[in-house]
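Colleague: Here it is: the structure, laid out below.
Number of protein chains: 2
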Amino acid sequence: MTDKRDEAETNDIPPGALALDQQLCFAVYSAAHAMNRTYKPLLDPYGLTYPQYIVLMALWEEDGRTVKALGETLGLDSGTLSPLLKRLEAAGHIRRARDKADERQVLITLTDKGKAMQGSAIGILKAIRQATGCTVESVRSLTGELQQLTARLEAAARHDTAA
Amino acid sequence: MTDKRDEAETNDIPPGALALDQQLCFAVYSAAHAMNRTYKPLLDPYGLTYPQYIVLMALWEEDGRTVKALGETLGLDSGTLSPLLKRLEAAGHIRRARDKADERQVLITLTDKGKAMQGSAIGILKAIRQATGCTVESVRSLTGELQQLTARLEAAARHDTAA
DNA sequence: CAAAATCATATTGCGCACAATCTAATTTTG
DNA sequence: CAAAATTAGATTGTGCGCAATATGATTTTG
Numbered sequence: 000m001t002d003k004r005d006e007a008e009t010n011d012i013p014p015g016a017l018a019l020d021q022q023l024c025f026a027v028y029s030a031a032h033a034m035n036r037t038y039k040p041l042l043d044p045y046g047l048t049y050p051q052y053i054v055l056m057a058l059w060e061e062d063g064r065t066v067k068a069l070g071e072t073l074g075l076d077s078g079t080l081s082p083l084l085k086r087l088e089a090a091g092h093i094r095r096a097r098d099k100a101d102e103r104q105v106l107i108t109l110t111d112k113g114k115a116m117q118g119s120a121i122g123i124l125k126a127i128r129q130a131t132g133c134t135v136e137s138v139r140s141l142t143g144e145l146q147q148l149t150a151r152l153e154a155a156a157r158h159d160t161a162a
Numbered sequence: 000m001t002d003k004r005d006e007a008e009t010n011d012i013p014p015g016a017l018a019l020d021q022q023l024c025f026a027v028y029s030a031a032h033a034m035n036r037t038y039k040p041l042l043d044p045y046g047l048t049y050p051q052y053i054v055l056m057a058l059w060e061e062d063g064r065t066v067k068a069l070g071e072t073l074g075l076d077s078g079t080l081s082p083l084l085k086r087l088e089a090a091g092h093i094r095r096a097r098d099k100a101d102e103r104q105v106l107i108t109l110t111d112k113g114k115a116m117q118g119s120a121i122g123i124l125k126a127i128r129q130a131t132g133c134t135v136e137s138v139r140s141l142t143g144e145l146q147q148l149t150a151r152l153e154a155a156a157r158h159d160t161a162a
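Right under this line is the structure:
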């Protein structure tokens with residue numbers, strides 16, 4: 000029923016290549032969960048989740064952005080951001096307001112509370128560094144490798160979609 | 000209002016250390032999303048999600064495991080696995096059955112359909128390798144670095160909980 | 001052996017994450 | 001300028017992911 004040589008076709012794939020502990024995807028997936036679990040106890044006292052925290056980080060870099068701009072920076076769409084931003088607003092960290100010039104857009108700005116949170120972020124950053132047990136240099140290189148990987152995966156996705 | 004020296008306190012934290020593109024956590028988070036998005040079009044034809052796919056991978060390595068054993072391998076708890084496994088069962092990939100010897104346990108076994116999916120996994124693996132644009136060696140080293148990072152984060156979490 | 005403790009799994013509730021769809025506002029075109 | 005196309009956000013539905021809790025089975029203890 001299947002093609003003549005299911006096995007022969009796999010000759011450049013060594014046996015055991017499907018083992019979970021050899022999968023880059025699973026290593027990334029597990030690291031992301033581990034990172035999330037490390038942040039959780041650090042963010043819980045502030046009532047923030049990790050995705051909410053990175054939204055604040057993005058705003059500390061550049062305040063007054065549109066939902067779309069935030070989404071592009073973070074790689075999230077409105078289906079994720081809209082409810083998340085409402086929760087951040089309800090918690091008093093941000094304000095949402097329609098752009099007077101273009102009412103399709105919603106501008107997100109930090110409140111004093113949201114800005115003040117940046118001070119606590121330093122401590123969180125240090126705690127995470129400690130937990131990673133990595134040197135500053137190895138963190139930098141691993142970060143760079145992951146950014147490259149992400150860029151290549153996104154490029155591949157674009158080509159597939161374009162085809 | 001804030002302490003005397005917001006700036007001085009951060010002297011081992013360089014300016015811009017809070018920039019998103021310097022965060023290892025965000026690089027991991029983004030890479031995980033990019034990986035997921037890359038898998039999606041490859042898995043959609045089979046009606047599988049990425050987490051469902053790694054459950055199958057775990058079962059290809061060792062069939063007939065308990066929910067608990069799967070959870071330990073994948074780093075997921077029953078709140079995640081129970082409904083996921085029900086969907087995999089509904090789709091005909093696995094069977095769930097109470098262990099006769101210890102009725103607290105549920106044994107998960109692959110159906111013929113679930114086993115057959117392993118053949119398609121080879122093609123998916125190749126497509127992912129292509130999309131990563133990495134050499135086999137660089138994939139191996141990055142995978143190893145991420146596993147180390149995950150291990151250290153989990154170790155740190157354990158110490159905190161123990162304290 | 002019966003009560004208590006432990007264990008495996010399931011359930012509930014909340015918050016992402018994303019596809020698909022909808023609405024309203026703006027821009028483009030004829 | 002009006003109709004069509006585009007754009008920005010919001011909404012809905014499905015599936016993780018996890019904390020908290022519930023249920024039922026097994027083991028431990030008195």
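So the sequence lines, in the order shown, correspond to chains A and B. Heads up: the first sequence begins at 0 in numbering that gives the first Met the number 0, then just goes up one per residue. Heads up: the second sequence begins at 0 in numbering that gives the first Met the number 0, then just goes up one per residue. Think of the CB as a built atom: it goes at the ideal place given N, C-alpha and C, for glycine as much as any other residue.
Could you pull out every residue in the same chain whose Cβ sits closer than 6 Å to the Cβ of B/GLU88, ignoring the five residues on either side in sequence?
Modeller: Working through the second sequence from its first residue, we reach residue 88 of chain B at position 89. For B/GLU88, where only same-chain residues beyond five positions count, the Cβ hits under 6 Å are ARG95.
Colleague: Run through the region 55–80 of chain B for me and flag every whole alpha helix (DSSP H) of 4 or more residues, listed as ranges in chain order.
Modeller: For secondary structure counted as the alpha helix (DSSP H) over 4 or more consecutive residues, the region 55–80 of chain B holds these complete runs in sequence order: 66–73.
Colleague: Between the Cα of A/CYS133 and those of B/ASP43, B/GLU144, B/ARG139, B/VAL135, spot the shortest distance and give me the residue it belongs to.
Modeller: In the first sequence, counting from the first residue as 1, residue 133 of chain A sits at position 134. Closest option to A/CYS133, Cα to Cα, is B/GLU144.
Colleague: I want to see whether chain B comes within less than 8 Å of A/LYS3, judged by CB atoms only; does it?
Modeller: If you number the first sequence from 1, residue 3 of chain A lands on position 4. For A/LYS3, the pLDDT reaches just 41, beneath the cut-off of 50, and the residue's location in the model is therefore unreliable, leaving the point undetermined.
Colleague: Roughly how far, in whole angstroms, is the beta-carbon of A/THR108 from the beta-carbon of A/ILE127, given that I think they are within contact range, below 8 Å?
Modeller: In the first sequence, residue 108 of chain A corresponds to position 109, counting from 1. In the first sequence, residue 127 of chain A corresponds to position 128, counting from 1. Taking a contact as a CB-CB distance under 8 Å, the pair A/THR108 and A/ILE127 does not count as one, their CB atoms being some 27 Å apart.
Colleague: Determine the extent of the beta strand (DSSP E) in which A/ARG94 is found, giving its start and end residues.
Modeller: By one-based count along the first sequence, residue 94 of chain A stands at place 95. Per DSSP, A/ARG94 belongs to the beta strand (DSSP E) from 93–97.
Colleague: Could you check the C-alpha separation between B/LEU141 and A/ALA100 for me, to the nearest Å?
Modeller: As a first step, residue 141 of chain B is located in the second sequence; it is residue number 142 there, counting from the start. As a first step, residue 100 of chain A is located in the first sequence; it is residue number 101 there, counting from the start. Each residue's alpha carbon lies about 47 Å from the other.
Colleague: Can you tell me which of B/TYR28, B/MET56, B/SER29 puts its alpha carbon nearest to the alpha carbon of B/GLY118?
Modeller: Here residue 118 of chain B corresponds to residue number 119 of the second sequence, with the count starting at 1. Comparing Cα-Cα distances from B/GLY118 to each of B/TYR28, B/MET56, B/SER29, the minimum goes to B/MET56.
Colleague: Cβ closer than 7 Å: which chain B residues qualify as neighbours of A/SER29?
Modeller: Here residue 29 of chain A corresponds to residue number 30 of the first sequence, with the count starting at 1. Here the neighbours are GLY74, THR149.
Colleague: Is the CB-CB distance between B/CYS171 and A/MET116 below 8 Å?
Modeller: Residue numbering for chain B in the displayed model covers 0 to 162; residue 171 of chain B lies beyond these limits and cannot be assessed.
Colleague: How big is the Cα-Cα spacing for A/PRO44 and A/ILE123?
Modeller: Here residue 44 of chain A refers to the residue found at position 45 of the first sequence. Here residue 123 of chain A refers to the residue found at position 124 of the first sequence. Each residue's Cα considered, the two are about 11 Å apart.
Colleague: Measuring only the C-alpha atoms, how far is A/GLY63 from B/GLU136?
Modeller: Here residue 63 of chain A is taken as the residue at index 64 of the first sequence, counted from 1. Here residue 136 of chain B is taken as the residue at index 137 of the second sequence, counted from 1. Near 43 Å, if we compare the C-alpha coordinates of B/GLU136 and A/GLY63.
Colleague: Who are the Cβ neighbours of B/THR131 in its own chain at under 7 Å, not counting the five residues just before and after it?
Modeller: What you label residue 131 of chain B is simply residue 132 of the second sequence in a count that begins at 1. Excluding sequence neighbours, B/THR131 sits near VAL138.
Colleague: From B/ALA120 to A/ALA18, what distance separates their C-alpha atoms?
Modeller: Looking up residue 120 of chain B in the second sequence gives position 121. Looking up residue 18 of chain A in the first sequence gives position 19. Spanning the two alpha carbons is a distance of roughly 11 Å.
Colleague: Closer than 7 Å by beta-carbon distance: list the chain B residues that pair up with A/ILE127, in chain order.
Modeller: Looking up residue 127 of chain A in the first sequence gives position 128. The contacting residues are CYS24.
Colleague: Taking A/ALA30 and B/VAL105 to be in contact with their CB atoms under 8 Å, please state how far apart those CB atoms are, rounded to whole angstroms.
Modeller: Your numbering for residue 30 of chain A matches position 31 in the first sequence. Your numbering for residue 105 of chain B matches position 106 in the second sequence. Actually they are not in contact, since the Cβ atoms of A/ALA30 and B/VAL105 sit about 28 Å apart, beyond 8 Å.
Colleague: So, A/LEU163 versus A/GLY70, is the Cβ gap smaller than 8 Å?
Modeller: For residue 163 of chain A there is no data in the structure shown, the boundaries of chain A being 0 and 162.
Colleague: For A/LEU83, collect the residues of the same chain with a Cβ closer than 7 Å to its Cβ; drop the 5 residues on either side in sequence, then sort them by chain order.
Modeller: Position 84 of the first sequence holds residue 83 of chain A. Counting only Cβ-Cβ distances below 7 Å, and skipping sequence neighbours, we find PRO50, GLN51, VAL54.
Colleague: So what's A/LEU145 in DSSP terms, helix, strand or just coil?
Modeller: Start at 1 with the first residue of the first sequence, and residue 145 of chain A comes out as number 146. Residue state, collapsed to three classes: helix.
Colleague: Looking at the unbroken beta strand (DSSP E) that takes in B/LEU109, where does it start and where does it end?
Modeller: Position 110 of the second sequence, counted from the first residue, corresponds to residue 109 of chain B. Element bounds for B/LEU109: 105–109.
Colleague: To the nearest angstrom, how far is it from the Cα of A/LEU41 to the Cα of B/LEU152?
Modeller: For the purposes of this step, residue 41 of chain A is taken as the residue at position 42 of the first sequence. For the purposes of this step, residue 152 of chain B is taken as the residue at position 153 of the second sequence. For A/LEU41 and B/LEU152, the distance between alpha carbons rounds to 13 Å.
Colleague: Taking the beta carbon of B/GLN22 as the centre, do at least 16 other beta carbons fall within 10 Å, making it buried, or is it exposed?
Modeller: Counted from its first residue, the second sequence places residue 22 of chain B at position 23. Counting Cβ neighbours within 10 Å, B/GLN22 comes out buried, since at least 16 surround it.
Colleague: Exposed or buried, what is A/ALA163 when buried is set at 16 or more other beta-carbons lying within 10 Å of its beta-carbon?
Modeller: Residue 163 of chain A is absent from the structure shown; chain A starts at 0 and stops at 162.
Colleague: Below 6 Å CB to CB, which residues in the same chain sit around A/ASP98 once its five sequence neighbours on both sides are set aside?
Modeller: Numbered from its first residue, the first sequence carries residue 98 of chain A at position 99. The answer, listed in chain order, is GLN104, LEU106.
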